[in-house]
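**Q** Quick mapping for you: the protein sequence lines, in order, are chains E and X.
This note's numbering puts the first residue of the first sequence at 5, with every later residue one more than the last.
This note's numbering puts the first residue of the second sequence at 5, with every later residue one more than the last.
Glycine is no exception: its CB is placed at the ideal position from the N, C-alpha and C atoms.
Quantities reported herein were computed from a predicted structural model and do not represent experimental measurements.
This is the structure, below, for whatever I ask next.
There are 2 protein chains.
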Amino acid sequence: MTEKGLLLVLSGPSGVGKGTVKSAIVKNKVFPFEYSVSMTTRQPRPGEINGKDYFFVTEERFKQAISQNELLEYNQYVNHYYGTPKAPVAKMLDEGKDVLLEIDVNGAQKVRQEMPDGVFIFLTPPDLHTLHTRLENRGTESEDVIMGRIKQARQEILVMQDYDYAVVNDTVANAVDHIKAIVEAEHVSVKRVIDTYRKMVKED
Amino acid sequence: MTEKGLLLVLSGPSGVGKGTVKSAIVKNKVFPFEYSVSMTTRQPRPGEINGKDYFFVTEERFKQAISQNELLEYNQYVNHYYGTPKAPVAKMLDEGKDVLLEIDVNGAQKVRQEMPDGVFIFLTPPDLHTLHTRLENRGTESEDVIMGRIKQARQEILVMQDYDYAVVNDTVANAVDHIKAIVEAEHVSVKRVIDTYRKMVKED
Chain E
5 MTEKGLLLVL SGPSGVGKGT VKSAIVKNKV FPFEYSVSMT TRQPRPGEIN GKDYFFVTEE
65 RFKQAISQNE LLEYNQYVNH YYGTPKAPVA KMLDEGKDVL LEIDVNGAQK VRQEMPDGVF
125 IFLTPPDLHT LHTRLENRGT ESEDVIMGRI KQARQEILVM QDYDYAVVND TVANAVDHIK
185 AIVEAEHVSV KRVIDTYRKM VKED
Chain X
5 MTEKGLLLVL SGPSGVGKGT VKSAIVKNKV FPFEYSVSMT TRQPRPGEIN GKDYFFVTEE
65 RFKQAISQNE LLEYNQYVNH YYGTPKAPVA KMLDEGKDVL LEIDVNGAQK VRQEMPDGVF
125 IFLTPPDLHT LHTRLENRGT ESEDVIMGRI KQARQEILVM QDYDYAVVND TVANAVDHIK
185 AIVEAEHVSV KRVIDTYRKM VKED
């Protein structure tokens with residue numbers, strides 16, 4: 005009984021620590037998953053291997069990939085394009101492998117449109133979680149600082165509402181534990197397993 | 005930031021081992037939760053305490069509870085009524101406590117109507133999970149036995165589709181691990197935590 009793999013999308017505000025959390029999952033082999041290899045127009049750095057670290061392509065090829073809808077999401081940083089090719093991700097999911105994407109919130113929004121069955125995890129800054137305490141203890145911080153954080157929190161909450169899970173990154177170990185539980189739970193969710201059972205009992 | 009507790013409904017076909025799994029969760033303190041005390045018209049057995057083991061009531065009082073919609077679900081076994089009072093469950097959830105109900109599939113269906121936000125876990129017989137192997141190896145078992153199991157499996161799958169999670173009870177330890185992951189994941193699901201964040205940033 006091979007079920008489709010899970011597409012795990014790990015995202016959150018910039019600076020929240022997405023890369024560190026992903027590295028901890030990889031390093032400690034928290035659960036097995038496949039990498040998605042990104043496509044980029046930047047030059048390879050020494051030691052980087054085409055097809056393993058990135059697919060290194062020309063800008064012309066990248067723009068073709070965009071226009072032919074070959075990318076789940078893409079972005080431009082410092083004159084270079086970075087994107088996630090759709091076909092290898094779809095193939096790994098069909099083979100029952102879980103795929104982890106660590107991307108920014110704009111990328112995650114695009115992936116949601118392409119792959120609504122994905123598991124979208126929003127990594128939350130710990131001070132959003134503790135903001136209530138700061139609000140209750142007003143006077144210890146300047147009103148400007150508090151108001152600035154409230155404004156930013158409203159933005160974060162607006163983005164968070166399109167995700168499935170909100171994991172506080174208070175410590176990397178806690179965040180990783182929560183993500184592990186999410187993966188285990190999603191693998192036994194009825195919406196993911198019932199088709200396999202249904203196919204089974206039609207085989208007669 | 006107190007979020008509402010989770011209502012965990014553990015159910016499944018009779019004989020699947022719901023009681024054993026629940027006992028293992030209690031014994032090993034897998035996660036903290038509150039008991040819901042059932043109401044019954046049967047006589048207390050030696051040592052049973054009213055309000056702790058059960059609320060022991062007359063048939064007249066039980067029928068009043070039914071007609072006044074005081075019960076989440078109820079059932080009749082061997083001339084006695086058993087039911088789950090709604091008010092104490094609602095109170096514990098409001099206090100942020102998780103509540104575990106271990107009930108039969110008819111009871112679970114009624115609870116789903118009353119409390120659609122509950123987390124509904126269907127405990128699956130391991131032979132449903134391994135039925136595909138038996139189907140592939142036809143000839144080692146009589147066709148009647150296989151056909152009977154397929155018919156029963158279809159019923160189980162029909163019931164399962166109204167649940168959130170399907171946990172295979174292959175070993176009690178595995179089932180308990182999965183339920184623990186479900187509880188952890190549900191506690192960080194956006195639909196459960198976002199209201200708390202929203203309330204926080206309106207406090208200015």
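How is the alpha helix (DSSP H) around V93/X delimited, first residue to last?
**A** Residues 90-98.
**Q** With the cut-off set at 8 Å, would you say A170/E and V205/X are in Cβ contact?
**A** Contact: no.
**Q** Can you list the residues of chain X that S146/E reaches, using a CB-CB cut of under 8 Å?
**A** Under the 8 Å cutoff, chain X gives no residues; its nearest Cβ is about 14 Å from S146/E.
**Q** Leaving out five residues before and five after R153/X in sequence, what residues of the same chain have Cβ atoms less than 8 Å from its Cβ?
**A** Same-chain partners within the cutoff: D131, L135, R138.
**Q** Can you have a look at P129/X and say buried or exposed, based on whether 16 or more other CB atoms are within 10 angstroms of its CB?
**A** Buried, because 16 or more other Cβ atoms sit within 10 Å of the Cβ of P129/X.
**Q** Measuring only the C-alpha atoms, how far is D102/E from V30/E?
**A** Those two C-alpha atoms are separated by around 13 Å.
**Q** If you reduce the DSSP assignment to three classes, tell me which class E145/E lands in.
**A** Looking at E145/E - three-state DSSP - the assignment turns out to be coil, as it is neither helix nor strand.
**Q** Along the region 114-126 of chain X, where does the CB come closer than 8 Å to a CB of chain C? Name the residues.
**A** As a matter of chain content, chain C is missing from the structure shown, whose protein chains are E and X.
**Q** Kindly list, in the order they appear in chain E, the residues whose Cβ is closer than 7 Å to that of K107/X.
**A** Here the sequence assigns Ile to residue 107/X, which means Lys is not the residue at that position. Neighbours of I107/X on chain E: none; closest Cβ ~18 Å, over 7 Å.
**Q** Who are the neighbours of A157/X on chain E, taking C-beta pairs under 9 Å?
**A** Within 9 Å Cβ-Cβ: Y201, M204, V205.
**Q** Counting pairs of Cβ atoms below 8 Å between the region 174-193 of chain E and the region 83-101 of chain X, do you hit three or more?
**A** Touching, no.
**Q** What in chain X is Cβ-close to L132/E, meaning under 8 Å?
**A** Residues of chain X passing the Cβ test: Y201.
**Q** Express the C-alpha separation of Q72/X and Q165/X in angstroms, rounding to a whole number.
**A** Roughly 30 Å separates the two Cα atoms.
**Q** Does any residue of chain X bring its CB to less than 8 Å from the CB of I154/E?
**A** Answer yes: the Cβ-Cβ gap between I154/E and chain X drops below 8 Å somewhere.
**Q** I'd like to know if the region 22-37 of chain E and the region 58-69 of chain E are in contact, where contact means that at least 3 CB-CB pairs between them fall below 8 Å.
**A** No, the region 22-37 of chain E is not in contact with the region 58-69 of chain E.
**Q** Quick one, are the C-beta atoms of V13/E and L105/E less than 8 Å apart?
**A** The answer is yes: Cβ separation under 8 Å.
**Q** Ends of the alpha helix (DSSP H) at E106/E?
**A** Unbroken run through E106/E is the beta strand (DSSP E), 103-106; no alpha helix (DSSP H).
**Q** E188/X CB to nearest chain E CB: under 8 Å?
**A** It does: the Cβ of E188/X has a partner Cβ on chain E nearer than 8 Å.
**Q** Measuring alpha carbon to alpha carbon, tell me which residue in K203/X, I183/X, E160/X is nearest L162/E.
**A** Closest option to L162/E, Cα to Cα, is K203/X.
**Q** When you compare only the Cα positions, how much space is there between T6/X and N173/E?
**A** Whole-angstrom Cα-Cα distance: 19 Å.
**Q** Using a beta-carbon distance below 8 Å, is A170/E in contact with chain X?
**A** Closer than 8 Å to some Cβ of chain X, the Cβ of A170/E qualifies, so yes.
**Q** When DSSP labels each residue in this structure, what does V187/E get in the three-state scheme?
**A** Helix.
**Q** With distances taken between CB atoms, is the gap from S40/X to D108/X smaller than 8 Å?
**A** No, these two residues do not count as a Cβ contact at 8 Å.
**Q** Short check: CB of Y209/E to CB of E63/E, under 8 Å?
**A** For chain E, the structure presents residues 5 to 208; residue 209/E sits outside this window and is missing.
**Q** Given this structure, state the Cα-to-Cα distance separating E118/E from G55/X, to the nearest angstrom.
**A** The straight-line gap from Cα to Cα measures roughly 53 Å.
**Q** What residues match up with H84/X in a beta bridge as DSSP calls it?
**A** DSSP lists Y81/X as partners of H84/X.
**Q** Answer with yes or no whether the minimum CB distance from I161/X to chain E is below 8 Å.
**A** Yes, contact with chain E.
**Q** Which residue comes first and which comes last in the beta strand (DSSP E) that contains M119/X?
**A** Taken as a continuous stretch (DSSP letters only), M119/X belongs to no beta strand (DSSP E), as it is neither H nor E.
**Q** Let me see if you follow: with CB-CB separation under 8 Å, is V194/X close to chain E or not?
**A** It does: the Cβ of V194/X has a partner Cβ on chain E nearer than 8 Å.
**Q** If you measure from the beta carbon of I198/X to each beta carbon in chain E, is any gap under 8 Å?
**A** Closer than 8 Å: yes.
**Q** Assign K26/X to one of two classes, buried (16 or more other C-beta atoms within 10 Å of its C-beta) or exposed (fewer than that).
**A** Per the 10 Å Cβ criterion, buried.
**Q** Any idea what DSSP makes of I29/E, helix, strand or coil?
**A** In the structure shown, I29/E sits in a helix (DSSP, three-state: H, G or I).
**Q** Counting only the same chain and skipping the five closest in sequence on each side, list residues whose C-beta sits under 6 Å from that of Y58/E.
**A** So the qualifying residues of the chain are S42, T44.
**Q** Specify, as a first and last residue, the run of the alpha helix (DSSP H) that F37/X falls within.
**A** Neither: F37/X is in no alpha helix (DSSP H) and is coded neither H nor E.
**Q** Among A112/X, G87/X, R116/X, which residue has its Cα nearest to the Cα of K61/X?
**A** Checking the sequence, you will find Val at residue 61/X rather than Lys. With distances taken between Cα atoms, V61/X lies closest to G87/X.
**Q** 8 Å is my cut-off, CB to CB: does Y167/E come that close to chain X?
**A** By this cut-off, Y167/E is an interface position.
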